[in-house]
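> Here's a structure for you.
There are 2 protein chains.
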Amino acid sequence: MDVIDELDQRKRKVEDRIDQIFDGDRDHPLWNSMAYYPRAGGKKLRPFLVMITTGAFDKSEEVALPYATALELVHNFTLIHDDIMDKDEMRRGKATLHKRIGEAHAINAGDGLFALAFKILSNTEVEDEKLRLLLEELSTSVVKVAEGQEEDISFEETYDITEEEFLDMIEKKTSYLFRAAARGGAIIGGGDEEEIRSMGEYARKMGVAFQIQDDYLDLVGDENKIGKDVGSDIKEGKRTLMVINALSELPEQKRKRLIEILEKEDNTTEEIRKALGLIEDAKAIQHSKDLAHEYAEEAKSELEILPDGKYKRMLEEIVDFMISREK
Amino acid sequence: MDVIDELDQRKRKVEDRIDQIFDGDRDHPLWNSMAYYPRAGGKKLRPFLVMITTGAFDKSEEVALPYATALELVHNFTLIHDDIMDKDEMRRGKATLHKRIGEAHAINAGDGLFALAFKILSNTEVEDEKLRLLLEELSTSVVKVAEGQEEDISFEETYDITEEEFLDMIEKKTSYLFRAAARGGAIIGGGDEEEIRSMGEYARKMGVAFQIQDDYLDLVGDENKIGKDVGSDIKEGKRTLMVINALSELPEQKRKRLIEILEKEDNTTEEIRKALGLIEDAKAIQHSKDLAHEYAEEAKSELEILPDGKYKRMLEEIVDFMISREK
């Protein structure tokens with residue numbers, strides 16, 4: 001069985017758990033709104049990481065399911081609020097929550113989902129002292145996600161962003177939840193301090209590679225696969241690694257032209273193609289791909305601490321999947 | 001020493017703790033935004049309840065300080081998001097956070113503050129099994145607050161709200177954090193199940209009385225004391241107990257007139273005075289005062305479970321304060 005099948009298998013378990021949470025007598029309108037993103041698909045990568053890391057430490061994956069689910073709900077809460085902050089209209093091929101029910105209701109549904117995640121965490125059947133560590137992981141990571149989001153919003157006002165600043169931002173905004181997943185799995189599995197640290201570093205580096213690939217797909221991916229318009233980041237003037245790298249490498253005239261397109265509200269297909277050409281001129285796509293590969297290799301090297309076997313192999317393969325995926 | 005002095009004493013302790021959290025090397029812009037409400041004053045009623053309830057069970061109040069602070073931060077996070085949802089411009093005599101830094105930054109600062117509260121909770125020096133219970137209290141209560149907020153937002157679209165529906169909404173939106181305060185204190189203090197339950201009921205009923213008084217002050221309070229315009233609820237067309245009661249008691253013509261004023265965007269002082277007159281005609285202010293008193297008495301009766309002494313007396317007196325306060 002390849003890693004995609006393994007991923008799908010855990011995905012179904014998490015979806016079942018999510019169904020249990022939202023089924024039954026949850027007829028309050030808040031609960032319908034809270035369920036909208038968790039039930040709209042998604043790869044469930046973070047829960048997978050929790051479960052496989054737990055398994056890698058010889059503990060039953062089932063024990064990790066509540067924490068895995070809590071983390072997925074936290075991820076979905078950040079998506080709800082991010083979509084409001086970014087004024088995005090589409091997510092996973094459907095209208096974003098705030099487009100559907102309005103901003104006030106959507107802010108509130110995000111808050112409810114965040115709180116629900118911690119409630120599920122409180123019911124996790126792990127030893128009380130491990131619960132304390134999991135609580136620390138989850139809460140610390142969301143503070144970091146908020147720091148990263150703050151930096152990301154601020155980037156919208158400037159083109160003077162160094163690659164280092166950008167990578168620092170996505171480490172916080174994206175990597176920290178992956179980190180909380182792998183560290184959490186190691187905690188549940190009974191890993192020692194050094195093992196928890198290694199798993200955290202593994203996931204942190206993988207998270208950066210994941211985000212670079214995400215931005216890559218937005219620019220050159222297949223619309224039918226990614227579920228949104230290709231080039232939407234250019235339309236929205238979003239700073240991605242490729243854009244930042246191109247801006248630093250392009251000669252003045254071309255740099256100005258790229259900024260013009262990024263600044264413009266509604267870009268034509270022709271303009272998006274032009275921007276893509278400029279980014280290619282700067283060799284920024286290749287640079288971005290190279291960097292994703294570097295992070296992926298560094299991530300995998302952190303796995304040396306684990307014994308060879310099925311779980312280690314899955315953790316290696318999921319990294320390769322993250323930088324080669326087409327959606 | 002009367003209960004106000006006791007309240008002030010604990011307030012200073014919580015403020016010191018909040019200063020410690022936000023001082024030092026917290027130079028990230030997110031942290032400045034997160035600190036804005038917690039440092040802008042407020043009575044710190046919820047932390048007081050945590051500490052006094054803990055003391056009532058013969059445990060040192062100091063042990064309760066982290067949970068008390070976490071709860072205060074949760075309260076402040078709800079204020080940040082509520083102000084965005086309600087489009088409020090003033091809070092505690094200053095501009096609301098989103099008016100100051102924009103909605104996207106403010107949504108994110110609220111999220112960060114919420115996460116920070118759980119991080120502080122994870123560092124609470126109580127036994128691990130008590131931490132699990134505190135986590136459950138805090139997370140459950142915020143899910144309920146979100147349910148209450150959802151109902152409150154929906155009330156804006158109708159005048160057909162029964163008193164029962166209204167009281168159910170404020171129990172969730174307001175009382176649940178008071179409940180989490182008193183139950184948390186009882187848990188930290190080592191109370192048994194029945195004692196935790198009684199303390200929760202005490203605080204739940206007190207919370208309703210508190211909210212009724214809050215709405216009363218908005219209508220007939222002293223502007224210099226409450227830090228915002230008197231009658232702002234009328235301007236905003238907010239459904240309060242007094243409004244709901246008046247709408248159900250007034251004859252058709254007067255009812256229509258009151259709804260007209262509530263619906264109008266910018267009310268004159270004359271219109272607000274007219275609305276107040278209509279509400280008085282319906283005897284709704286007296287009804288509201290009576291109900292607050294009933295809830296306060298019921299709250300105090302839950303304290304029978306406690307031994308007589310300083311702490312029980314403070315818990316009684318804080319209820320009286322809540323329904324007699326002028327700000």
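Protein chains in written order, with our numbering: chain A, 1 to 327; chain B, 1 to 327. Using N, Cα and C, we set each Cβ at its ideal position, and we do this for glycine too. From a predicted model like this one, the values you see are computed outputs, not experimental measurements.
In three-state DSSP terms, what is M1 (chain B)?
Coil, per DSSP.
> Could you tell me whether any Cβ in chain B is nearer than 8 Å to the Cβ of R118 (chain A)?
A quick correction: the sequence has Phe, not Arg, at residue 118 (chain A). Yes, because at least one Cβ of chain B sits closer than 8 Å to the Cβ of F118 (chain A).
> Quick check for students: name the residue ranges of the alpha helix (DSSP H) that lie wholly in the region 82 to 128 of chain A, counting only runs of 4 or more.
97 to 101, 103 to 122
> Could you have a look at G41 (chain B) and say whether DSSP puts it in helix, strand or coil?
The DSSP-derived three-state label of G41 (chain B) is coil.
> Mapping DSSP to helix, strand and coil, what is L306 (chain A)?
coil
> Just by C-beta distance, which residues in the region 146 to 178 of chain A are closer than 8 Å to chain B?
A146, E147, Q149, E150, I153, S154
> Please list, in chain order, all residues of the same chain as A284 (chain A) whose beta carbon is under 6 Å from its beta carbon, the five residues on each side excluded.
The residues are M242, N245, A246.
> Measuring only the C-alpha atoms, how far is A104 (chain B) from K11 (chain A)?
31 Å
> So, is M169 (chain A) buried or exposed, given that buried needs 16 or more other C-beta atoms within 10 angstroms?
buried
> Does E136 (chain B) come within less than 8 Å of chain A when only Cβ atoms are used?
yes
> Mind listing which residues of the region 103 to 117 of chain A have their C-beta closer than 7 Å to chain B's C-betas, in chain order?
A104, H105, I107, N108, D111, G112, F114, A115, L116
> Under 6 Å Cβ to Cβ from A282 (chain B), same chain only, skipping five residues before and after it: list those, please.
A246, E249, L250
> Under 8 Å, with one C-beta from each stretch per pair, do the region 105 to 114 of chain B and the region 106 to 116 of chain A reach the 3-pair mark?
They touch, by the three-pair rule.
> Residue range of the alpha helix (DSSP H) that I161 (chain B) falls in?
Here I161 (chain B) belongs to no alpha helix (DSSP H), and DSSP marks it neither H nor E.
> Relative to chain B, which residues along the region 61 to 88 of chain A have a C-beta separation below 7 Å, given in chain order?
H81, I84, M85
> Quick one: grab the DSSP three-state call for H28 (chain B).
coil
> When burial is assigned at 16 or more other CB atoms within 10 Å of the CB, is T333 (chain A) buried or exposed?
In the structure displayed, chain A extends from 1 to 327; residue 333 (chain A) sits before or after that span and is not available.
> Going by C-alpha to C-alpha distance, which of B:T78, B:R132, B:H81, B:I259 sits closest to E157 (chain B)?
B:I259
> Residues in its own chain within less than 7 Å of A186 (chain B) by CB, not counting five upstream and five downstream?
T53, F57, E195, I196, M199
> Alpha carbon to alpha carbon, what distance is there between A35 (chain A) and E294 (chain A)?
37 Å
> Give a yes or no on whether the minimum CB-CB distance between T140 (chain A) and chain B is below 8 Å.
yes
> Taking buried to mean at least 16 other C-beta atoms within 10 Å of its own C-beta, is E193 (chain A) buried or exposed?
exposed
> Specify the secondary structure class of A282 (chain A) as computed by DSSP and reduced to three states.
coil
> Which same chain residues, not among the five before or five after E271 (chain A), have their C-beta less than 6 Å away from its C-beta?
I261
> Using 8 Å as the Cβ pair cut-off and three pairs as the minimum, do the region 143 to 162 of chain B and the region 43 to 50 of chain B touch?
Of all C-beta pairs linking the region 143 to 162 of chain B to the region 43 to 50 of chain B, fewer than three are shorter than 8 Å, placing the two stretches out of contact.
> Check the C-beta distance from A292 (chain B) over to V319 (chain B) and give it rounded, since I have them as a contact under 8 Å.
Not confirmed; about 10 Å, so no contact.
> Can you tell me the Cα-Cα spacing of E263 (chain B) and M85 (chain A), whole angstroms?
29 Å
> Counting along the chain, where does the alpha helix (DSSP H) carrying E195 (chain B) start and finish?
193 to 220 is the span of the alpha helix (DSSP H), which, as asked, contains E195 (chain B).
> For the candidate residues B:V208, B:Y37, B:D266, whose alpha-carbon lies nearest to that of G231 (chain B)?
Per the Cα distances, B:D266.
> Counting only beta-carbon atoms, is R91 (chain B) nearer than 8 Å to chain A?
no
> For G184 (chain B), report the span of its alpha helix (DSSP H) as first-last.
176 to 189
> Alpha carbon to alpha carbon, what distance is there between G148 (chain A) and M206 (chain B)?
As the crow flies, the alpha-carbon of M206 (chain B) is around 40 Å from that of G148 (chain A).
> Could you run through the region 22 to 36 of chain A and flag, in chain order, every residue whose CB is less than 9 Å away from some CB of chain B?
H28, P29, L30, W31, S33, M34
> Label I153 (chain B) either buried or exposed according to how many other C-beta atoms from any shown protein chain fall within 10 Å of its C-beta, with 16 as the threshold for buried.
buried
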